[in-house]
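Asker:
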Amino acid sequence: MLDPKELKRTLNLPRTDFPMKASLPQREPQILKKWKEMNLYKRIREQRKGRPRFILHDGPPYANGRIHLGHALNKILKDFVVKSYSMMGYDAPYLPGWDCHGLPIEIKVENQIGRLEDKIKFRRECKKYAERFVKLQRDEFIRLGVFGEWENPYLTMDPGYEAEIIRHIKGFFQRGEVYRAKKPVYWCPHCKTALAEAEIEYHEHKSPSVYVKFPLLEPEKLSPSLRDKKVFVVIWTTTPWTLPANLAIALHPDYDYGVFRNGEEYYILARLLAPMLEEELGASFELVHKFEGRELEGFKAKHPFLNRESLVVLADYVTLEQGTGCVHTAPGHGEEDYQTGLKYGLEILSPVDDEGRFTGEVEFLQGKTVWEANPLVLEVLREKGMLLAQGEITHSYPHCWRCKGPVIFRATPQWFISMDKAGLRDKALREIKKVRWIPSWGEERIYNMIENRPDWCISRQRSWGVPIPVFYCKNCGEPLVKPEVMDRVAEVFEREGSDSWFLHPPEYFIPEGIKCEKCGSSQFVKENDIVDVWFESGTSHAVLKHREDHRWPADVYLEGNDQYRGWFHSSLLVGLANEGESPYRVVITHGWVLDEQGRAMSKSMGNVIEPGEIIKDYGAEILRLWVAFLDYTEDVKLGQNILQRLTEAYRKMRNTWRFMLGNLRDFIPQEHTVKEEELLPSDRFILTRFRTLAGRVKELYRNYQYYKIAHLFYDFFTVDLSSFYLDIVKDRLYCSAPGALERRAAQTAIFEMARDSMRLLAPILSFTAEEAWEHLPEFPGKSPSVHLEVFPPQLPSLLTEEEEKEWDVLMKYRDLANKALDQARKEGFIGNSLEASLLFYAPAEEKRVLEKYSPYFLELFIVSAWRIEEGEERVEVERAPGKKCERCWVYHPEVGKDPQHPNLCPRCIAVVKELI
RNA sequence: GGGCCUAUAGCUCAGUCGGUUAGAGCGCACGCCUGAUAAGCGUGAGGCCGGUGGUUCAAGUCCACCUAGGCCCA
88 MLDPKELKRT LNLPRTDFPM KASLPQREPQ ILKKWKEMNL YKRIREQRKG RPRFILHDGP
148 PYANGRIHLG HALNKILKDF VVKSYSMMGY DAPYLPGWDC HGLPIEIKVE NQIGRLEDKI
208 KFRRECKKYA ERFVKLQRDE FIRLGVFGEW ENPYLTMDPG YEAEIIRHIK GFFQRGEVYR
268 AKKPVYWCPH CKTALAEAEI EYHEHKSPSV YVKFPLLEPE KLSPSLRDKK VFVVIWTTTP
328 WTLPANLAIA LHPDYDYGVF RNGEEYYILA RLLAPMLEEE LGASFELVHK FEGRELEGFK
388 AKHPFLNRES LVVLADYVTL EQGTGCVHTA PGHGEEDYQT GLKYGLEILS PVDDEGRFTG
448 EVEFLQGKTV WEANPLVLEV LREKGMLLAQ GEITHSYPHC WRCKGPVIFR ATPQWFISMD
508 KAGLRDKALR EIKKVRWIPS WGEERIYNMI ENRPDWCISR QRSWGVPIPV FYCKNCGEPL
568 VKPEVMDRVA EVFEREGSDS WFLHPPEYFI PEGIKCEKCG SSQFVKENDI VDVWFESGTS
628 HAVLKHREDH RWPADVYLEG NDQYRGWFHS SLLVGLANEG ESPYRVVITH GWVLDEQGRA
688 MSKSMGNVIE PGEIIKDYGA EILRLWVAFL DYTEDVKLGQ NILQRLTEAY RKMRNTWRFM
748 LGNLRDFIPQ EHTVKEEELL PSDRFILTRF RTLAGRVKEL YRNYQYYKIA HLFYDFFTVD
808 LSSFYLDIVK DRLYCSAPGA LERRAAQTAI FEMARDSMRL LAPILSFTAE EAWEHLPEFP
868 GKSPSVHLEV FPPQLPSLLT EEEEKEWDVL MKYRDLANKA LDQARKEGFI GNSLEASLLF
928 YAPAEEKRVL EKYSPYFLEL FIVSAWRIEE GEERVEVERA PGKKCERCWV YHPEVGKDPQ
988 HPNLCPRCIA VVKELI
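In case it helps, the numbering used here puts the first sequence at residues 88 to 1003.
1. Between A797 and the rest of its own chain, which residues show a CB-CB distance below 6 Å, the 5 nearest in sequence each way excluded?
2. May I ask which residues mark the beginning and end of the beta strand (DSSP E) holding F378?
3. Note the first and the last residue of the continuous beta strand (DSSP E) segment covering G345.
4. Report the partner residues of P271 according to the DSSP bridge assignment.
5. In or out: N80 buried (at least 16 other Cβ within 10 Å) or exposed?
6. If you count every other CB in all the chains shown that lies within 10 Å of the CB of T887, and 16 or more means buried, which is it?
7. Per the contact definition of three or more C-beta pairs closer than 8 Å, is the stretch 659-672 in contact with the stretch 146-162?
8. Who are the near neighbours of C213 in its chain, counting only those whose CB is closer than 7 Å to its CB and skipping five residues on each side?
9. Strictly by DSSP, which residues pair up with C544?
10. Alpha carbons only, please: which of V494, V522, Y534 is nearest the one belonging to D513?
11. Counting along the chain, where does the beta strand (DSSP E) carrying I675 start and finish?
12. Rounded to a whole number of angstroms, what is the C-alpha to C-alpha distance between I252 and A515?
13. For a quick check, are the C-beta atoms of L304 and F386 less than 8 Å apart?
14. Check for me: the alpha helix (DSSP H) holding H759 runs from which residue to which?
15. Less than 8 Å between the C-beta atoms of K377 and F301, yes or no?
16. Would W528 be called buried (16 or more neighbouring beta carbons within 10 Å of its own) or exposed?
17. Mind listing, in chain order, the continuous alpha helix (DSSP H) runs of no fewer than 4 residues lying wholly within the stretch 929-964?
18. If I701 sits next to L710, beta carbons under 8 Å apart, how far is it from one beta carbon to the other, in whole angstroms?
19. Report the residue from S920, Y900, G447 whose alpha carbon sits nearest the alpha carbon of D909.
20. Exposed or buried, which one is N750 when buried takes at least 16 other CB atoms within 10 Å?
21. Which partner residues does I287 have in the DSSP bridge list?
22. What did DSSP end up calling N550 once you bin it into helix, strand or coil?
23. Over what stretch of residues does the alpha helix (DSSP H) that includes F655 continue unbroken?
24. Can you tell me whether Q684 is buried or exposed, with buried defined as 16 or more other CB within 10 angstroms of its CB?
25. Does the Cβ of A911 have 16 or more other Cβ atoms within 10 Å, making it buried, or fewer, making it exposed?
26. Can you give the Cα-Cα distance for P327 and P295, rounded to whole angstroms?
27. Restricting to Cα atoms, I'd like to know which of D542, E758, K602 is closest to E571.
28. Is C490 buried or exposed, if buried means 16 or more other CB atoms sit within 10 Å of its CB?
29. Buried or exposed: where does H677 fall if 16 or more other Cβ atoms within 10 Å of its Cβ makes it buried?
30. Near V553, which residues of its chain fall below 8 Å by C-beta distance, leaving aside the five closest residues on each side in sequence?
31. For P462, does the three-state DSSP call read helix, strand or coil?
32. According to the Cβ coordinates, are R846 and L863 closer than 8 Å?
33. Could you please give me the residues that DSSP links to E479 through a beta bridge?
34. Give me the DSSP bridge partner(s) of T456.
35. Specify whether the stretch 400-417 and the stretch 329-337 touch according to this definition: at least 3 beta carbon pairs, one from each stretch, less than 8 Å apart.
36. So if DSSP puts V680 in a beta bridge, which residue, or which two residues, is it bridged to?
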């Protein structure tokens, strides 16, 4: 008789080196090292050579700062796309890019080393800065397990890329879509430079606060009673110096206005604001006429001190918080004023120079700064009797971040791409309809933007970027806009980079013999402005043509939903204008990363989580799993609670793989695989479920629906495998003779599911699938990395429809049995379910099914005995007859009858005899 | 202020054309097992479907408004 220790040695218990504890933060770097050493990305590409291409074109992140969760979400999603299409059999390259030029880097560099007059030196510092962060971010992306051409990314500051930008600009010029016009920008009169929004600080500032009268012309058109009366539109302003540039007065179309009599004079202002002015004047008005703002549109008023008219216009931004509801409008001195000016076709007047001094356009102020001009303007107003009230106000006012002085809004010449001159807008709107937008509402969102956007201002008064390739006549100032000159510029940039613009004289770029078309001079100066960085990144589609193994257009662009206004937008306009069609076929967007309460992460809220922390504490795989479980088309949440759930989910999947591997320890696929017709019913059942799942998963990958894959697989691992199949086949796996058919049958099923689930999950659980793959039994054609595999082909169902229905019945009785067993357990009647015998009552048809499968009830219900009776469906629990077999723990009447093995059941006696 | 989007259990997600008592997994509680063991199995309790109105015989689902949140503009 064998003692329990010896008996245990006759069992086939699972064994594997695949550890239960993942230790992801330590293990992942080792896996990354393996991938690097085996040159995995290159090998995948070589293996797919000649296959149809699938191109995901990377939107370049900005080369500034460490990556945040938004970057991680984006890059991991892209990795899912690329890896899954690669495993579908496509040649799917991933060429990462970086956006390197632009203001944020200029600002950082300026903060570090101060402002350099020497542009070349300054640009070199910017370049160094960008290079540093490209490297940093690259390493962080690699750490996430993202595969790609990391040694050879595209950078918007590469000479070749810069040349391509020039060629694209040339295209716009050639088609006559570019024009030059004035637009107001923030301007620092002290630093004599344009400022971007990001370079503005707001401080308290004391300004004049004045009410000014504009005599209304033809007031009788508003109301006959006003004929020959002195009617004035009253405006309020804190910048009297902009009054010389006044060209309009804006009213809100829907607000209630009134004509108020004050002695001999009549004032037009918003009714709600009249009391404020009455108080200011210490007067009491009489309301003589009521009207809505829109009624005054098109009226004209006399300028208070210049020989000019001012047009009454309508604008939605007019508020009733302050002033009179009649807004002084100077299109050359304010953003909103400018927009209104464009709408009404007004001149963009800005009679102020670089230093903030008035030009000769306003004689009495010529040479005065705008600050000196304020009192002078008030004086003139007073003289002309147009100053209604005057005071002072302290308010928040924009200041220069460098010199801390107050800034002004000043119109300067800029370059624009016209949306309509060559039909760019209409073409774009047509192309939008041909693209597949995921989610579908993206189409409407970008459509509305393109439909309503103004012309594109592509010039910037900065240093760190690509110059606009035009020159100006030294003699008469006429711009020199010539394709052949731009071609030369592109050639030079291709060789020397855009620094060359600042190194060489104009002659270096201008072919001999070119003269100013206006005055014939051959002396030129270079343009100082650079191109908007959105134009640069919008040019990125060009790399698809230049890189040998890519293709134009791209199949997929995939970015955060802020990029409808950003990269999708600029790429469409730039790509379409130059190539005639959209550079992408499918556009996928993901949402924003929020904290666990659904609020945006921000430093000030203190709720920011860094990807680095998660990698350090949990591992990149958990981050990948997070991305996989989310419906990324909406905003996504992350916090400690969610990470905890994910970690548990990860452990469950890892353990399921571990258990499968443990039971395959002696399985040699090419020798032991059992033919499908010899599999047991439960094997055929689980394989059919798995194969159906595999088919759905492949379809879901094709449609980028990763969270459905994650849920399906997770449910399959927990419900179908862990708590059902893998639980019920333990008896077969452990207790049968190692080479017994029923044991090899279970191993056959487990092997297929382990192997193919690793393949199918490799794009998501890239690290763990790889690790598990290493522990999977060798088989002919097994790749050294799971990422070199392809998704499994579709395998057939192993159940007839009839059998599917029978399984529904079996599962129903399994539920009933579990409830009955639980009840018995609670009553202390049994502990382990093998102590039980089940008594099934079933209607005739179901009784037939139960009887058919009853040879397998030991495994299906994990009980030692059973009886089946006809009756109303229910399950009762009895004590199993016989004694417990010490080897398999099953109760059997024969236990004790064999004198040689009194502690074993007949099955185990047979196995033990075979083994000894 | 405008464009687009979101809201179902503690978490992640289902919920068809409007149609019985709104589902799953996890987590949680309780129990079992000790041959997947820092594991495994079973049972159970959790929901004003963001709110208010409306359409309808019938609303998580359709409509309007509101609240909270997100992205992009102004």
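Ideal Cβ placement from N, Cα and C applies to all residues, glycine included.
Answerer: On the basis of the coordinates in this document:
1. For the purposes of this step, residue 797 is identified with residue 710 of the first sequence, where counting begins at 1. Closer than 6 Å at Cβ, skipping near neighbours: A715, F716.
2. Within the first sequence, the letter at position 291 stands for residue 378. Counting along the chain, the beta strand (DSSP E) containing F378 begins and ends at 373-379.
3. Stepping through the first sequence from its first residue, residue 345 is reached at position 258. Segment 343-349, the beta strand (DSSP E) holding G345.
4. Counted from its first residue, the first sequence places residue 271 at position 184. For P271, which the question treats as bridged, DSSP gives the partners A498.
5. Residue 80 falls outside the range modelled here, since the chain spans only 88 to 1003, and no answer is possible.
6. Locating residue 887 in the first sequence gives position 800, counting from the first residue. Flag for T887 reads exposed.
7. no
8. The sequence position of residue 213 within the first sequence is 126, counting from 1. Same-chain partners within the cutoff: I192, E193, V196, W551.
9. Here residue 544 corresponds to residue number 457 of the first sequence, with the count starting at 1. Note: C544 sits in a beta bridge opposite F503.
10. One-based indexing of the first sequence puts residue 513 at position 426. Comparing Cα-Cα distances from D513 to each of V494, V522, Y534, the minimum goes to Y534.
11. In the first sequence, counting from the first residue as 1, residue 675 sits at position 588. Start and end: 671-677.
12. As a first step, residue 252 must be located in the first sequence, where it is residue number 165. As a first step, residue 515 must be located in the first sequence, where it is residue number 428. So the alpha carbons of these two residues sit roughly 20 Å apart.
13. Counting from 1 along the first sequence, the entry for residue 304 is found at position 217. Counting from 1 along the first sequence, the entry for residue 386 is found at position 299. Yes, these two residues count as a Cβ contact at 8 Å.
14. One-based indexing of the first sequence puts residue 759 at position 672. Here the alpha helix (DSSP H) through H759 covers 756-759.
15. Taking the first residue of the first sequence as position 1, residue 377 is located at position 290. Taking the first residue of the first sequence as position 1, residue 301 is located at position 214. No, the pair does not count as a contact, with Cβ atoms beyond the cut-off.
16. As a working note, residue 528 is residue 441 in the first sequence. The residue is exposed, with fewer than 16 neighbouring Cβ atoms inside 10 Å.
17. 931-940, 944-948
18. Numbered from 1 along the first sequence, position 614 holds the residue referred to as residue 701. Numbered from 1 along the first sequence, position 623 holds the residue referred to as residue 710. Correct: roughly 5 Å between the Cβ atoms.
19. As a first step, residue 909 is located in the first sequence; it is residue number 822 there, counting from the start. The candidate whose alpha carbon is nearest that of D909 is S920.
20. In the first sequence, the residue the question calls residue 750 occupies position 663. With 16 or more other Cβ atoms within 10 Å, it is buried.
21. Within the first sequence, residue 287 is the residue found at index 200, counting from 1. Per DSSP, C487.
22. Residue numbering aside, residue 550 sits at position 463 when the first sequence is read from its first letter. Asn is not the amino acid found at residue 550; the sequence shown has Ser there. Coil at S550, not helix or strand.
23. In the first sequence, counting from the first residue as 1, residue 655 sits at position 568. Run containing F655: 654-666, per the alpha helix (DSSP H) assignment.
24. For the purposes of this step, residue 684 is taken as the residue at position 597 of the first sequence. It counts as exposed.
25. The residue you call residue 911 lines up with position 824 of the first sequence. Buried, by the Cβ-count rule.
26. Residue numbering aside, residue 327 sits at position 240 when the first sequence is read from its first letter. Residue numbering aside, residue 295 sits at position 208 when the first sequence is read from its first letter. The alpha-carbon atoms of P327 and P295 are separated by roughly 8 Å.
27. Sequence index remark: in the first sequence, residue 571 carries index 484 (1-based). In terms of CA proximity to E571, K602 leads the group D542, E758, K602.
28. By one-based count along the first sequence, residue 490 stands at place 403. By the 10 Å Cβ count, C490 comes out exposed.
29. Here residue 677 refers to the residue found at position 590 when the first sequence is read from its first residue. Burial call: buried.
30. On the first sequence, residue 553 is found 466 positions in, with the first residue counted as 1. Around V553, the same chain offers H188, E249, I252, I253, F580, S585, I617, V618, E623 as residues with beta carbons nearer than 8 Å, after the five sequence neighbours per side are excluded.
31. Position 375 of the first sequence holds residue 462. Note: P462 maps to helix in three-state DSSP.
32. On the first sequence, position 759 is the one that residue 846 refers to. On the first sequence, position 776 is the one that residue 863 refers to. No, they are not a contact pair.
33. Taking the first residue of the first sequence as position 1, residue 479 is located at position 392. DSSP output for E479 lists P295 as bridge partner(s).
34. By 1-based counting over the first sequence, the position of residue 456 is 369. Answer is R444.
35. yes
36. Translated into the one-based positions of the first sequence, residue 680 becomes position 593. The partner list for V680 (beta bridge, DSSP) reads V723.
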